[in-house]
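J.: One structure is given below, represented as structure tokens, and several questions about it will come after.
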Amino acid sequence: DEILVCDMYSADKTVEIAGELGAKVVYHIQTGYVELARNFAISKASGDWILILDADEEIPESLTKRLQEIANKMKQINYVEIPRKNIIFGKWMKASMWWPDYNIRFFKKGSVKWSDEIHIPPKTAGEGLKLESEEKYAIIHNHYSSVSQFVERLNRYTDIQAKNLIKKEYKISWEDFITKPTGEFLGRYFANYGYKDGLHGLALSLLQSFSFLIMYLKVWEINKFPEREINLKELKDIRGKMGYEIDYWFKNVNLSKNPFKRFLQKARNKI
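By the working numbering, the letter at position 152 of the sequence shown is numbered 962, and the numbering carries on one by one without gaps.
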């Protein structure tokens, strides 16, 4: 009934194309992330029900029909959690926390509000509905198409995340430079079955862990690179802690079904 485009003063033909297609265009200051712009766009929308899509997302006809049924027949529902199909480096990622990747994107106006912080789920009011984790009901997310694009967004997002940690009075801990990235990798690759996505799963688990390292290093940078002596005993203690976690996952993952069995076994021996 209404198409509204929230533009952050883009330099391409977004506004021109949106206008030609009959969309109403509103402007929001460039923030580097979408949450604030979402709340602003919602305030400008006139419909009772709102569907939010980012610029790299689309929905199939099957999801359109399902959402229309909910809006027309399920009056008690205030918001809908929708699965999202993430296409990364040309592959639909089905593991390592990329699927079903539920997002609240369809809701009655006034029932959903996003935080001012990046990548924080919105606050909701009323009764919600979680769609089945089926491809026909999923938002199609044309996510990262190249490593360069991943690194560019990583750099932008970690700037914001590091500043948020500072606001929360996070104190620099050199141990976090090791434990946080390692924990992120183990969580995605083993606990959330990233190895089932083959080389894509390994690459993305490593990239996600790298983003954690960069975030904590940027906190250190913001604090003017304070010096801190590190002795070998402290490193040995961290090695022991992380070694235990790594060993746990190697013992509990069924390597017989893992395409990287030989790689993992060699890595374990080196660790």
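Glycine included, C-beta positions come from ideal geometry on N, C-alpha and C.
By the 10 Å Cβ neighbour count, where 16 or more other Cβ atoms means buried, how is E830 classified, buried or exposed?
T.: The residue you call residue 830 lines up with position 20 of the sequence shown. Its Cβ having fewer than 16 others within 10 Å, E830 is exposed.
J.: State the start and end residues of the unbroken alpha helix (DSSP H) segment that holds V1063.
T.: Along the sequence shown, one-based indexing puts residue 1063 at 253. V1063 -> no alpha helix (DSSP H), and no H or E assigned at all.
J.: Do you know offhand how far D1007's Cα is from K904's?
T.: As a position in the sequence shown, residue 1007 is number 197, starting the count at 1. As a position in the sequence shown, residue 904 is number 94, starting the count at 1. Between D1007 and K904, the C-alpha separation is close to 7 Å.
J.: Starting from W909, trace the alpha helix (DSSP H) both ways and give me its first and last residue.
T.: The sequence position of residue 909 within the sequence shown is 99, counting from 1. From DSSP, W909 is part of no alpha helix (DSSP H); its letter is neither H nor E.
J.: Any contact of the segment 988-1004 with the segment 1016-1031, i.e. 3+ C-beta pairs under 8 Å?
T.: Taking 8 Å as the limit for Cβ pairs, the verdict is that the segment 1016-1031 does touch the segment 988-1004.
J.: DSSP three-state call for K895: helix, strand or coil?
T.: Mapped onto the sequence shown, residue 895 falls at position 85. In this structure, K895 counts as strand in the three-state DSSP scheme.
J.: Please work out which residues of its chain come closer than 8 Å, Cβ to Cβ, to E927, disregarding the five sequence neighbours upstream and downstream, and give them in chain order.
T.: The residue labelled residue 927 in the question sits at position 117 within the sequence shown. Closer than 8 Å at the Cβ level, and outside the excluded window around E927, lie E845 and N974.
J.: For I914 versus P932, is the C-beta spacing smaller than 9 Å?
T.: The residue you call residue 914 lines up with position 104 of the sequence shown. The residue you call residue 932 lines up with position 122 of the sequence shown. Result yes, Cβ atoms of I914 and P932 sit closer than 9 Å.
J.: Since G842 and R998 should fall inside the 8 Å C-beta cutoff, what is the C-beta to C-beta distance between them, to a whole number of angstroms?
T.: Within the sequence shown, numbered from 1, the residue matching residue 842 stands at position 32. Within the sequence shown, numbered from 1, the residue matching residue 998 stands at position 188. 24 Å between Cβ atoms; not a contact.
J.: By Cβ distance, which residues of its chain are closer than 7 Å to Y1026, with the 5 residues on each side in sequence left out?
T.: Residue 1026 sits at position 216 when you count from the first residue of the sequence shown. Answer for Y1026: D986, F987 and K990, listed in chain order.
J.: Pick helix, strand or coil for G842, following the three-state DSSP scheme.
T.: As a first step, residue 842 must be located in the sequence shown, where it is residue number 32. Of the three classes helix, strand and coil, the one that applies to G842 here is coil, per DSSP.
J.: Just the C-alpha distance for D1057 and I862, rounded to the nearest angstrom, thanks.
T.: For the purposes of this step, residue 1057 is taken as residue 247 along the sequence shown, with counting starting at 1. For the purposes of this step, residue 862 is taken as residue 52 along the sequence shown, with counting starting at 1. Straight-line Cα distance between these residues: approximately 43 Å.
J.: With a threshold of 8 Å on Cβ separation, who are the neighbours of I930 within its own chain once the five nearest residues in sequence on each side are excluded?
T.: Locating residue 930 in the sequence shown gives position 120, counting from the first residue. These residues qualify, in order along the chain: E845 and W924.
J.: Applying the 10 Å Cβ sphere with the 16-neighbour rule, what's the burial state of F1035?
T.: Locating residue 1035 in the sequence shown gives position 225, counting from the first residue. Label assigned to F1035: exposed.
J.: State the Cα-Cα distance for the pair V1084 and F899, rounded to the nearest angstrom.
T.: Residue 1084 cannot be examined here, being either before or after the span of the chain that is shown, 811 to 1081.
J.: To the nearest angstrom, how far is it from the Cα of Y912 to the Cα of S856?
T.: Along the sequence shown, read from residue 1 onward, the residue named residue 912 stands at position 102. Along the sequence shown, read from residue 1 onward, the residue named residue 856 stands at position 46. One C-alpha to the other measures close to 25 Å.
J.: Taking only the alpha-carbon atoms, compute the straight-line gap between E868 and K1061 and give it to the nearest angstrom.
T.: For the purposes of this step, residue 868 is identified with residue 58 of the sequence shown, where counting begins at 1. For the purposes of this step, residue 1061 is identified with residue 251 of the sequence shown, where counting begins at 1. Approximately 41 Å between the Cα atoms of the pair.
J.: Just confirm the distance between the C-beta atoms of K1087 and D858, as a whole number of angstroms; I'd bet it's less than 8 Å.
T.: Because residue 1087 is not part of the residues shown, which for the chain are 811 to 1081, the question remains open.
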